[in-house]
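One structure is given below, encoded as structure tokens.
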């Protein structure tokens with residue numbers, strides 16, 4: 007049997023950079039990117055070519071930001087995909103390596119963010135579960151100061167991105183991935199939950215800690231995004247085979263504050 011031919015279109019670094027510029031990505035801006043490599047088509051050079059194209063479109067004065075989350079550094083009692091036996095919970099908590107921004111790989115956000123994380127000159131924020139990585143002249147001011155008890159709130163890179171007029175690019179990714187919406191959860195009445203994770207212990211090794219945090223969930227973000235796009239200016243286009251959307255972080259946060267306060271129940275936060 008002959009191998010299945012690749013699914014197109016053929017996407018190159020230069021072609022993708024041109025499409026990003028055509029969409030409206032501006033040289034010198036700061037861009038928070040959520041991406042799906044597989045949605046683009048057959049990319050010559052894979053994730054490396056995508057990152058190169060993004061940096062080409064942003065130019066030397068632009069800054070690329072991506073989520074590099076590590077949701078696996080969490081309480082095993084909450085794991086569902088798949089769950090682990092109850093008798094494993096305590097041994098996992100006792101032995102799980104602590105977060106190291108230079109070493110710990112991202113998980114669940116795709117291969118493009120993981121490529122940015124290891125890019126020459128990339129900087130990464132300090133939160134052990136919801137870090138961001140950035141490349142460019144504004145990287146340090148965006149990722150520094152990410153408080154360990156503030157996943158995606160006022161002391162996270164999201165607030166710095168909002169302050170600096172950054173925009174969001176959804177590159178083949180849906181609104182469920184839009185981390186900017188989470189910042190709104192910190193600005194309206196929201197439940198607080200216990201969050202467990204491993205942290206570095208004095209003298210080396212790791213220890214388990216539990217902190218109180220604002221409850222966050224992406225439940226209903228697709229519905230929120232649909233309404234946001236209906237009511238606010240969102241640039242839409244294509245890059246390769248992928249649908250792309252471009253909009254200001256500040257617009258997304260402001261709209262989500264109003265929408266979530268009206269549409270989401272307390273139970274949805276807790277269950278999410």
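Numbering (this note's numbering), first residue to last: 7 to 278.
Note that the Cβ used here is the ideal one computed from N, Cα and C, for glycine as well.
All values reported here derive from a predicted model rather than from experimental measurement.
Assign residue i to buried or exposed, taking buried as 16 or more other Cβ atoms, counted over all protein chains shown, within 10 Å of its Cβ.
i	result
residue 92	exposed
residue 49	buried
residue 41	buried
residue 237	exposed
residue 62	buried
residue 268	exposed
Give the straight-line distance between the Cα atoms of residue i and residue j, rounded to the nearest whole angstrom.
i	j	result
residue 276	residue 54	With a pLDDT of only 45 at residue 276, under 50, the local geometry of the prediction cannot be trusted, and no value is derived from it.
residue 280	residue 167	Given a span of 7 to 278 for the chain in the structure shown, any question on residue 280 remains unanswerable.
residue 220	residue 133	14 Å
residue 154	residue 15	42 Å
residue 125	residue 28	25 Å
residue 24	residue 270	39 Å
residue 32	residue 85	40 Å
residue 202	residue 216	4 Å
residue 94	residue 244	46 Å
residue 226	residue 87	20 Å
residue 69	residue 254	15 Å
residue 310	residue 182	Residue coverage of the chain in this structure runs from 7 to 278, which leaves residue 310 outside it and unanswerable.
residue 178	residue 117	13 Å
residue 18	residue 30	18 Å
residue 157	residue 100	22 Å
residue 204	residue 83	14 Å
residue 266	residue 43	30 Å
residue 96	residue 89	14 Å
residue 230	residue 257	13 Å
residue 12	residue 79	35 Å
residue 66	residue 142	7 Å
residue 264	residue 159	16 Å
For residue i, I'd like the list of residues in its chain whose CB is within less than 6 Å of its CB, leaving aside the five on either flank, ordered along the chain.
i	result
residue 251	176, 240 and 242
residue 131	137, 138, 149, 152 and 163
residue 38	71, 167, 172 and 174
residue 218	198
If you run the structure through DSSP and keep just helix, strand and coil, what is residue i?
i	result
residue 70	strand
residue 107	coil
residue 188	helix
residue 270	coil
residue 196	coil
residue 252	strand
residue 36	strand
residue 203	strand
residue 231	helix
Quick one: residues in its chain with C-beta nearer than 7 Å to the C-beta of residue i, no 5 flanking neighbours on either side, listed in chain order?
i	result
residue 77	113, 114 and 135
residue 259	168, 186, 189 and 190
residue 57	118, 121, 122 and 125
Measure from the C-beta of residue i to each C-beta in chain D and report whether the shortest distance is under 9 Å.
i	result
residue 197	Looking for chain D here will not work: only one protein chain is present.
Quickly, what does DSSP pair residue i with across the bridge? List them, please.
i	result
residue 41	177
residue 219	199
residue 141	70
Within the same chain, show all residues whose beta-carbon is closer than 8 Å to that of residue i, passing over the 5 residues directly before and after it, in chain order.
i	result
residue 278	Reliability fails at residue 278, whose pLDDT of 42 lies under 50, so the model's placement of it is uncertain and the value that follows must be treated cautiously. For residue 278, where only same-chain residues beyond five positions count, the Cβ hits under 8 Å are 221, 222, 223, 224 and 225.
residue 248	42, 45, 46, 47, 177 and 178
residue 144	36, 69 and 170
Is residue i near the ligand MG, in the sense that its beta carbon is under 8 Å from a heavy atom of that ligand?
i	result
residue 194	Ligands are entirely absent from the displayed structure, and the ligand MG is therefore not among its contents.
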